[in-house]
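S.K.:
There are 2 protein chains.
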Amino acid sequence: MTTIHDVARVAGVSISTVSYALSGKRSITESTRRRVEAAVRELDYRPNAGARMLAGRRTYIFAVTEPLRADTYEPAHMAFVLATATAARTYDYDVLLLTQDEATGGLSRVTSSRLVDGIIVLDVLREDERADLVRSLDIPSVLIGVPDDTAGLVCVDLDFEAVGRMALDRLADAGHRTVTLLGQPQAVYDRGSNFPPRLRDAFLARAAERGIDAAFHAVEREPSDMRARLATLLDADTPPTGVVFHCEEQQQTTALELLAERGVAVPGEMSIVSAAPTFPTSGFRPPLDRIPLVPAYTCGRAVELAINQIAGSVEPRVELVPPTYEDHGSVAPLPAA
Amino acid sequence: MTTIHDVARVAGVSISTVSYALSGKRSITESTRRRVEAAVRELDYRPNAGARMLAGRRTYIFAVTEPLRADTYEPAHMAFVLATATAARTYDYDVLLLTQDEATGGLSRVTSSRLVDGIIVLDVLREDERADLVRSLDIPSVLIGVPDDTAGLVCVDLDFEAVGRMALDRLADAGHRTVTLLGQPQAVYDRGSNFPPRLRDAFLARAAERGIDAAFHAVEREPSDMRARLATLLDADTPPTGVVFHCEEQQQTTALELLAERGVAVPGEMSIVSAAPTFPTSGFRPPLDRIPLVPAYTCGRAVELAINQIAGSVEPRVELVPPTYEDHGSVAPLPAA
DNA sequence: CTGAAAGCGCTTACAG
DNA sequence: CTGAAAGCGCTTACAG
Numbered sequence: 001m002t003t004i005h006d007v008a009r010v011a012g013v014s015i016s017t018v019s020y021a022l023s024g025k026r027s028i029t030e031s032t033r034r035r036v037e038a039a040v041r042e043l044d045y046r047p048n049a050g051a052r053m054l055a056g057r058r059t060y061i062f063a064v065t066e067p068l069r070a071d072t073y074e075p076a077h078m079a080f081v082l083a084t085a086t087a088a089r090t091y092d093y094d095v096l097l098l099t100q101d102e103a104t105g106g107l108s109r110v111t112s113s114r115l116v117d118g119i120i121v122l123d124v125l126r127e128d129e130r131a132d133l134v135r136s137l138d139i140p141s142v143l144i145g146v147p148d149d150t151a152g153l154v155c156v157d158l159d160f161e162a163v164g165r166m167a168l169d170r171l172a173d174a175g176h177r178t179v180t181l182l183g184q185p186q187a188v189y190d191r192g193s194n195f196p197p198r199l200r201d202a203f204l205a206r207a208a209e210r211g212i213d214a215a216f217h218a219v220e221r222e223p224s225d226m227r228a229r230l231a232t233l234l235d236a237d238t239p240p241t242g243v244v245f246h247c248e249e250q251q252q253t254t255a256l257e258l259l260a261e262r263g264v265a266v267p268g269e270m271s272i273v274s275a276a277p278t279f280p281t282s283g284f285r286p287p288l289d290r291i292p293l294v295p296a297y298t299c300g301r302a303v304e305l306a307i308n309q310i311a312g313s314v315e316p317r318v319e320l321v322p323p324t325y326e327d328h329g330s331v332a333p334l335p336a337a
Numbered sequence: 001m002t003t004i005h006d007v008a009r010v011a012g013v014s015i016s017t018v019s020y021a022l023s024g025k026r027s028i029t030e031s032t033r034r035r036v037e038a039a040v041r042e043l044d045y046r047p048n049a050g051a052r053m054l055a056g057r058r059t060y061i062f063a064v065t066e067p068l069r070a071d072t073y074e075p076a077h078m079a080f081v082l083a084t085a086t087a088a089r090t091y092d093y094d095v096l097l098l099t100q101d102e103a104t105g106g107l108s109r110v111t112s113s114r115l116v117d118g119i120i121v122l123d124v125l126r127e128d129e130r131a132d133l134v135r136s137l138d139i140p141s142v143l144i145g146v147p148d149d150t151a152g153l154v155c156v157d158l159d160f161e162a163v164g165r166m167a168l169d170r171l172a173d174a175g176h177r178t179v180t181l182l183g184q185p186q187a188v189y190d191r192g193s194n195f196p197p198r199l200r201d202a203f204l205a206r207a208a209e210r211g212i213d214a215a216f217h218a219v220e221r222e223p224s225d226m227r228a229r230l231a232t233l234l235d236a237d238t239p240p241t242g243v244v245f246h247c248e249e250q251q252q253t254t255a256l257e258l259l260a261e262r263g264v265a266v267p268g269e270m271s272i273v274s275a276a277p278t279f280p281t282s283g284f285r286p287p288l289d290r291i292p293l294v295p296a297y298t299c300g301r302a303v304e305l306a307i308n309q310i311a312g313s314v315e316p317r318v319e320l321v322p323p324t325y326e327d328h329g330s331v332a333p334l335p336a337a
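As given, the protein sequences belong to chains A and B, one line each in that order. The UniProt record's numbering puts the first residue of the first sequence at 1, with every later residue one more than the last. The UniProt record's numbering puts the first residue of the second sequence at 1, with every later residue one more than the last.
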């Protein structure tokens with residue numbers, strides 16, 4: 001194994017100079033820096049991680065806690081894990097994955113053994129024991145999501161309430177007076193997931209403000225449930241003319257298939273907005289307007305805040321990322337009755 | 001921070017005794033072991049990870065490389081990551097997650113910096129650059145999956161060929177002469193995923209051996225594709241009386257829905273086997289026989305082999321886990337014509 | 001059965 | 001701008 005001593009010898013300098021040349025923590029003559037770099041390349045030197053951790057009190061590892069509950073497959077979770085790992089790498093950080101059974105125990109363990117410099121908490125519940133733990137842990141931590149009690153926490157998330165309002169406003173502005181939000185499976189709301197109720201409640205509250213007739217329905221994973229739900233809506237006395245999806249890709253494509261089968265024109269007879277999807281909706285038939293959930297941005301910001309905490313200190317806060325509206329032509333003015 | 005010196009002082013022993021008491025690497029008087037353990041508990045001591053790595057030349061971390069390609073959502077991947085993490089913890093190991101862009105670069109990096117003791121490779125392609133890298137890396141590594149060239153590698157996987165044969169045999173033994181395998185999206189086969197072709201080819205080869213009329217079709221993710229595909233099959237001159245699914249949950253439920261809509265009795269008129277699902281099929285209507293893919297077992301064995309490699313040496317090998325058949329009543333004898 | 005000590009490979013004050 | 005040296009907190013021969 002090649003060590004810093006080998007590099008120092010080849011470059012003809014001391015090991016401290018090698019260390020500083022690599023870290024940039026003190027100024028180095030251009031020529032010696034180049035010699036060090038050449039030696040590093042020649043020997044293919046890579047600092048020993050354990051030694052670096054021990055001497056430098058920095059591990060360059062984040063713990064990422066994502067329960068990955070066996071029952072909830074949501075691919076969106078994978079997207080957040082991926083985005084967090086990618087963002088971490090831009091700061092030379094790796095991610096250690098902590099799952100369900102290691103949720104709190106694992107966090108305590110990796111924190112007190114100084115295995116990680118910080119914690120990123122994913123899939124935050126409204127009441128989440130990891131939030132309480134993190135509050136007590138005195139280690140840089142960022143939650144991606146907003147629990148009910150945010151005291152003392154640093155949280156980053158898409159502003160799901162703004163998403164709900166934006167979707168409602170878009171439809172209402174186009175003249176729609178009867179709208180429906182088709183959401184996630186009921187279990188997601190029951191389990192205490194933080195963002196689906198935020199979106200739902202803001203949607204309904206805005207509708208009430210504007211005097212719009214709005215309804216909400218949870219939709220299960222089986223395609224049959226979306227079909228049944230949508231069929232019931234279409235067959236009602238006053239069917240909605242605007243629909244907002246806050247469900248997964250399969251549900252949305254199933255709904256579009258049913259609408260096509262029944263000859264309901266989108267947006268002619270039914271305007272649709274896809275709220276907070278992690279997937280593209282421009283390939284749907286027809287393409288759907290969407291207010292995207294952007295894991296890369298949210299996770300990037302979360303990692304940035306964690307890095308800032310490691311460097312200095314960051315005030316507790318809830319940072320909500322404002323949503324943006326992508327028009328793909330699936331909302332049209334309500335035709336005159 | 002509490003260190004081993006604190007524990008030693010409180011327990012009234014030397015730090016080496018503390019270390020040995022904790023690792024069990026030399027025999028300790030029962031009474032001193034108890035005093036050490038009491039001190040550890042009292043101080044809530046946890047060995048410093050960096051120091052442990054440096055002095056012990058063991059990091060207790062596995063690198064898990066799972067590309068998590070943004071385009072392939074397959075929830076099964078999440079199940080394997082989860083199962084690997086869980087299995088690792090049973091040996092006191094944590095997992096560092098390496099994704100797509102860090103596939104080979106990341107593996108080299110964490111290996112040469114001695115950040116990890118071993119590598120678990122997930123989502124193996126038939127020709128996988130990670131396999132070549134791992135071969136050259138001289139670090140304990142296990143592939144979950146079987147690339148085309150397995151020379152010098154330790155691989156563990158479900159025996160997908162046996163799965164294909166088992167499914168065919170079950171249907172053929174029940175008298176079915178025309179059978180169809182409905183597989184994954186075409187892109188999965190094109191991308192070079194290792195197991196779908198293995199299952200498919202063994203299925204077709206066994207059918208040829210036994211003189212069964214067998215066909216294969218890739219099925220895309222959109223429910224409409226499964227519907228169209230299945231409708232075409234049902235409307236054919238000689239429709240299959242036996243079907244094997246090697247596709248995701250949504251596709252399978254969609255297919256069952258269509259069969260119900262068209263009044264095709266399962267297993268009365270159509271026998272079905274679900275091949276290599278990670279999800280339960282007993283809740284389907286009707287419940288389906290399955291030959292399950294068991295990530296917990298496969299990943300458990302992979303981790304075990306990695307641990308064995310760390311402890312000593314393990315010969316290169318391909319370990320194929322024999323499949324088991326779960327009968328839920330979805331295969332019936334072919335009714336007399 | 002136990003202890004004193006060397007050493008793992010770095011980082012970072014401390015000097016010059 | 002650079003070097004010699006202390007020290008990070010463990011593990012593990014080496015002694016007894």
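All residues carry an ideal CB built from backbone N, CA and C; glycine is no exception.
With a CB to CB cut of under 8 Å and the five nearest residues on each side skipped, what residues in its chain are close to A:Val-134?
M.R.: Along the first sequence, read from residue 1 onward, the residue named residue 134 of chain A stands at position 134. If we look at A:Val-134 and ignore the five residues flanking it on each side, its Cβ neighbours are Leu-107, Ile-119, Val-121, Ser-141, Leu-143 and Leu-153.
S.K.: Using alpha carbons as the reference points, say which of B:Val-244, B:Ala-63, B:Leu-171 and B:Ile-212 lies closest to B:Asp-94.
M.R.: Along the second sequence, one-based indexing puts residue 94 of chain B at 94. Comparing Cα-Cα distances from B:Asp-94 to each of B:Val-244, B:Ala-63, B:Leu-171 and B:Ile-212, the minimum goes to B:Ala-63.
S.K.: Tell me, please, which residues DSSP counts as bridged to B:Ile-120.
M.R.: Position 120 of the second sequence, counted from the start, is the residue given in the question as residue 120 of chain B. B:Ile-120 is bridged to B:Val-64 and B:Val-142.
S.K.: What is the DSSP secondary structure of A:Phe-279, counted as helix, strand or coil?
M.R.: Within the first sequence, the letter at position 279 stands for residue 279 of chain A. Here A:Phe-279 sits in coil by DSSP.
S.K.: Is it the case that the Cβ atoms of A:Leu-97 and B:Leu-97 are separated by a distance below 8 Å?
M.R.: As a working mapping, residue 97 of chain A is identified with position 97 in the first sequence. As a working mapping, residue 97 of chain B is identified with position 97 in the second sequence. For A:Leu-97 and B:Leu-97, yes; Cβs fall inside 8 Å.
S.K.: With respect to the beta strand (DSSP E) encompassing B:Ala-265, which residues constitute its N-terminal and C-terminal limits?
M.R.: As a first step, residue 265 of chain B must be located in the second sequence, where it is residue number 265. From DSSP, B:Ala-265 is part of no beta strand (DSSP E); its letter is neither H nor E.
S.K.: Count the other CB atoms within 10 Å of the CB of A:Met-1; is the residue buried (16 or more) or exposed (fewer)?
M.R.: Numbered from 1 along the first sequence, position 1 holds the residue referred to as residue 1 of chain A. Classification of A:Met-1: exposed, given that the 10 Å Cβ count is below 16.
S.K.: Opposite A:Glu-319 in the DSSP bridges: which residues?
M.R.: One-based indexing of the first sequence puts residue 319 of chain A at position 319. According to DSSP, which records beta bridges pairwise, A:Glu-319 is partnered with A:Val-156.
S.K.: Alpha carbon to alpha carbon, how far is A:Arg-198 from A:Tyr-189?
M.R.: In the first sequence, counting from the first residue as 1, residue 198 of chain A sits at position 198. In the first sequence, counting from the first residue as 1, residue 189 of chain A sits at position 189. Near 10 Å, if we compare the C-alpha coordinates of A:Tyr-189 and A:Arg-198.
S.K.: For the alpha helix (DSSP H) containing A:Arg-229, name the first residue and the last one.
M.R.: Taking the first sequence and counting its residues from 1, one reaches residue 229 of chain A at position 229. Element bounds for A:Arg-229: 223-234.
S.K.: Note down, in chain order, every chain B residue with its Cβ under 8 Å from the Cβ of A:Arg-46.
M.R.: The residue you call residue 46 of chain A lines up with position 46 of the first sequence. By Cβ distance, chain B contributes Arg-109, Ser-112 and Ser-113.
S.K.: Please list, in chain order, the residues of the region 68-94 of chain A that have any C-beta partner in chain B closer than 8 Å.
M.R.: Taking 8 Å as the Cβ-Cβ cut-off against chain B, the residues of the region 68-94 of chain A that qualify are Leu-68, Ala-70, Tyr-73, Pro-75, His-77, Met-78, Ala-79, Val-81, Leu-82, Ala-85, Thr-86, Arg-89 and Asp-94.
S.K.: Please go through the same chain and pick out, in chain order, the residues whose beta-carbon is closer than 7 Å to the beta-carbon of B:Asp-148, but skip the five residues on each side of it.
M.R.: Taking the second sequence and counting its residues from 1, one reaches residue 148 of chain B at position 148. The beta carbon of B:Asp-148 sits closer than 7 Å to those of Arg-126 and Glu-127, all from its chain and outside the five residues before and after it, given in chain order.
S.K.: DSSP three-state call for B:Asp-128: helix, strand or coil?
M.R.: In the second sequence, residue 128 of chain B corresponds to position 128, counting from 1. Coil.
S.K.: DSSP three-state label for A:Ser-330, please.
M.R.: The residue labelled residue 330 of chain A in the question sits at position 330 within the first sequence. Coil, per DSSP.
S.K.: For the region 201-232 of chain B, which residues have a CB atom closer than 7 Å to at least one CB atom of chain A, in sequence order?
M.R.: Of all residues in the region 201-232 of chain B, only Glu-222, Pro-223 and Ser-224 come within less than 7 Å of chain A when Cβ atoms are compared, listed by chain position.
S.K.: Spatial neighbours of A:Arg-58 within its chain, please: CB distance less than 8 Å, with the 5 preceding and 5 following residues excluded, ordered by chain position.
M.R.: Against the first sequence, residue 58 of chain A aligns to sequence position 58. Counting only Cβ-Cβ distances below 8 Å, and skipping sequence neighbours, we find Arg-52, Asp-117 and Ile-310.
S.K.: By DSSP, does A:Ile-272 sit in helix, in strand, or in coil?
M.R.: The residue labelled residue 272 of chain A in the question sits at position 272 within the first sequence. Strand, per DSSP.
S.K.: Decide if A:Pro-333 is buried, meaning its Cβ has at least 16 other Cβ atoms within 10 Å, or exposed.
M.R.: Here residue 333 of chain A refers to the residue found at position 333 of the first sequence. Flag for A:Pro-333 reads exposed.
S.K.: Please report the straight-line C-alpha distance between A:Thr-150 and A:Ser-136, rounded to a whole angstrom.
M.R.: Within the first sequence, residue 150 of chain A is the residue found at index 150, counting from 1. Within the first sequence, residue 136 of chain A is the residue found at index 136, counting from 1. It is roughly 13 Å from the alpha-carbon of A:Thr-150 to the alpha-carbon of A:Ser-136.
S.K.: How many Å lie between B:Leu-22 and B:Met-166 at the Cα?
M.R.: As a working mapping, residue 22 of chain B is identified with position 22 in the second sequence. As a working mapping, residue 166 of chain B is identified with position 166 in the second sequence. Rounded to whole angstroms, B:Leu-22 to B:Met-166 spans 48 Å at the Cα level.
S.K.: Below 8 Å on the Cβ atoms is my guess for A:Ala-67 versus A:Asp-123; work out the distance and round it to an integer in Å.
M.R.: Walking along the first sequence from the start, residue 67 of chain A turns up at place 67. Walking along the first sequence from the start, residue 123 of chain A turns up at place 123. Rather than Ala, the amino acid found at residue 67 of chain A in this sequence is Pro. Confirmed, Cβ separation roughly 6 Å.
S.K.: Could you give the distance in angstroms between the alpha-carbon of A:Pro-267 and the alpha-carbon of A:Asp-173?
M.R.: As a first step, residue 267 of chain A must be located in the first sequence, where it is residue number 267. As a first step, residue 173 of chain A must be located in the first sequence, where it is residue number 173. Distance between the alpha carbons of A:Pro-267 and A:Asp-173 is about 14 Å.
S.K.: Can you grab the Cα-Cα spacing for the pair A:Val-7 / A:Thr-111, in whole Å?
M.R.: Start at 1 with the first residue of the first sequence, and residue 7 of chain A comes out as number 7. Start at 1 with the first residue of the first sequence, and residue 111 of chain A comes out as number 111. If I take the Cα positions, the gap works out to 33 Å.
S.K.: Which of helix, strand or coil does DSSP assign to A:Ile-212?
M.R.: Within the first sequence, the letter at position 212 stands for residue 212 of chain A. In the structure shown, A:Ile-212 sits in coil (DSSP, three-state: anything other than H, G, I, E or B).
S.K.: Does the beta carbon of A:Gly-50 sit closer than 8 Å to a beta carbon anywhere in chain B?
M.R.: Start at 1 with the first residue of the first sequence, and residue 50 of chain A comes out as number 50. Taking Cβ atoms only, chain B reaches closer than 8 Å to A:Gly-50, which makes this a yes.
S.K.: Tell me, which residues are paired with A:Asp-289 by DSSP?
M.R.: Residue mapping note: residue 289 of chain A aligns to position 289 of the first sequence, counting from 1. A:Val-273, per the DSSP bridge assignment.
S.K.: Just to make sure I have the definition right: I need the residues of chain A whose C-beta is within less than 9 Å of the C-beta of B:Leu-181. Which are they?
M.R.: The count along the second sequence starts at 1 and reaches residue 181 of chain B at position 181. The premise fails here: B:Leu-181 is roughly 22 Å from chain A at the closest Cβ pair, so nothing lies under 9 Å.
S.K.: Tell me the DSSP secondary structure of B:Gly-242 in three-state form.
M.R.: Residue numbering aside, residue 242 of chain B sits at position 242 when the second sequence is read from its first letter. Correct three-state label for B:Gly-242: strand.
S.K.: Which term fits B:Ser-19, buried or exposed, when burial requires 16 or more other beta carbons within 10 angstroms of its beta carbon?
M.R.: Translated into positions along the second sequence, residue 19 of chain B becomes position 19. B:Ser-19 comes out buried.
S.K.: Straight-line CA distance for A:Glu-209 to A:Phe-284?
M.R.: In the first sequence, counting from the first residue as 1, residue 209 of chain A sits at position 209. In the first sequence, counting from the first residue as 1, residue 284 of chain A sits at position 284. Rounded to the nearest angstrom, the two C-alpha atoms are 32 Å apart.
S.K.: Could you check what DSSP says for B:Ser-14 in three-state terms: helix, strand or coil?
M.R.: In the second sequence, counting from the first residue as 1, residue 14 of chain B sits at position 14. The answer is coil: DSSP assigns B:Ser-14 none of H, G, I, E or B.
S.K.: Is A:Val-188 helix, strand or coil when you go by DSSP?
M.R.: The residue you call residue 188 of chain A lines up with position 188 of the first sequence. Residue state, collapsed to three classes: helix.
S.K.: Alpha carbons only, please: which of A:Glu-257, A:Ala-202 and A:Phe-203 is nearest the one belonging to A:Met-226?
M.R.: Stepping through the first sequence from its first residue, residue 226 of chain A is reached at position 226. Of A:Glu-257, A:Ala-202 and A:Phe-203, the residue nearest in Cα terms is A:Glu-257.
S.K.: Alpha carbon to alpha carbon, what distance is there between B:Gly-175 and A:Leu-233?
M.R.: The residue given as residue 233 of chain A occupies position 233 in the first sequence. The residue given as residue 175 of chain B occupies position 175 in the second sequence. Distance between the alpha carbons of A:Leu-233 and B:Gly-175: 45 Å.
S.K.: Quick check on B:Glu-129 - is its C-beta less than 8 Å from some C-beta in chain A?
M.R.: For the purposes of this step, residue 129 of chain B is identified with residue 129 of the second sequence, where counting begins at 1. Chain A, which has no Cβ nearer than 8 Å to the Cβ of B:Glu-129, makes this no.
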